[in-house]
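So the structure is just underneath, and the comments pick up after that.
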Amino acid sequence: MATVELTKENFDQTVSENPFVLIDFWAGWCRPCLQFAPVYERASEAHTDLVFAKVDTEAQQELAGAFQITSIPTLMIVRDQVAIFAQPGALPEAALTDLIQQARALDMDEVRAKIAAEQQGAGDGDAGTAQA
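Counting from 1, position 13 in the sequence shown corresponds to residue 13 in the numbering used here; the numbering is continuous, with no gaps.
Here you go:
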């Protein structure tokens with residue numbers, strides 16, 4: 001599957017209709033972004049069951065702002081409409097492959113339970129902040 005260009009108009013639909021979406025936040029003037037692009041493209045060709053998407057932060061400033069993207073490239077992985085990874089920096093090919101394998105291996109029921117527990121703890125004021 002070719003890389004999908006995400007905009008504020010198609011973002012929600014793309015993420016809600018696909019269980020596993022990798023998103024590359026980039027800009028045409030960003031040298032590390034341009035160096036990461038072929039690595040990202042090769043990964044998209046190797047993992048055709050996943051959706052690989054790109055957000056041009058210059059053209060989609062509102063979308064980049066919504067995700068508080070302050071450094072590019074930033075890679076985000078969304079599984080089952082949950083952002084499970086977001087980190088700036090261009091990854092080497094082996095690291096990207098490893099990251100995809102780790103993301104595939106996640107138990108999303110466990111991830112959702114952890115998020116729910118954290119949100120419940122946050123609702124209790126400062127009671128849960130001192131726990132390890």
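Virtual Cβ for every residue (Gly too), placed ideally from N, Cα, C.
Indicate whether residue i and residue j have their beta-carbon atoms separated by less than 8 Å.
{"i": "V51", "j": "L91", "result": "no"}
{"i": "Q60", "j": "T7", "result": "yes"}
{"i": "V55", "j": "I84", "result": "no"}
{"i": "F11", "j": "L96", "result": "no"}
Distance check for residue j and residue i, CA to CA, integer angstroms please.
{"i": "E41", "j": "V21", "result": "14 Å"}
{"i": "W29", "j": "R104", "result": "32 Å"}
{"i": "A66", "j": "A53", "result": "16 Å"}
{"i": "Q102", "j": "K114", "result": "17 Å"}
{"i": "D109", "j": "A116", "result": "11 Å"}
{"i": "Q119", "j": "S16", "result": "22 Å"}
{"i": "A122", "j": "I69", "result": "24 Å"}
{"i": "E93", "j": "A86", "result": "17 Å"}
{"i": "G128", "j": "A46", "result": "Interpretation of G128 is limited by its pLDDT of 46, a score under 50 that renders its predicted location unreliable; the figure taken from the coordinates is listed afterwards. Going by the C-alpha atoms only, they are around 42 Å apart."}
{"i": "E9", "j": "D98", "result": "31 Å"}
Comparing alpha-carbon positions, which option in the options lies nearest residue i?
{"i": "P19", "options": "Q81, E45 and S71", "result": "Q81"}
{"i": "L34", "options": "D107, I100 and G89", "result": "G89"}
{"i": "A2", "options": "D12, T48 and F36", "result": "T48"}
{"i": "R31", "options": "S71, Q119 and D98", "result": "S71"}
{"i": "L106", "options": "R79, E45 and E58", "result": "R79"}
{"i": "E5", "options": "E45, A46 and T57", "result": "T57"}
Which whole-angstrom value describes the C-beta separation of residue i and residue j, a residue pair presumed to lie in contact below a C-beta threshold of 8 Å?
{"i": "A43", "j": "I100", "result": "7 Å"}
* Asked: Per the contact definition of three or more C-beta pairs closer than 8 Å, is the segment 70-82 in contact with the segment 23-33?
  -> yes
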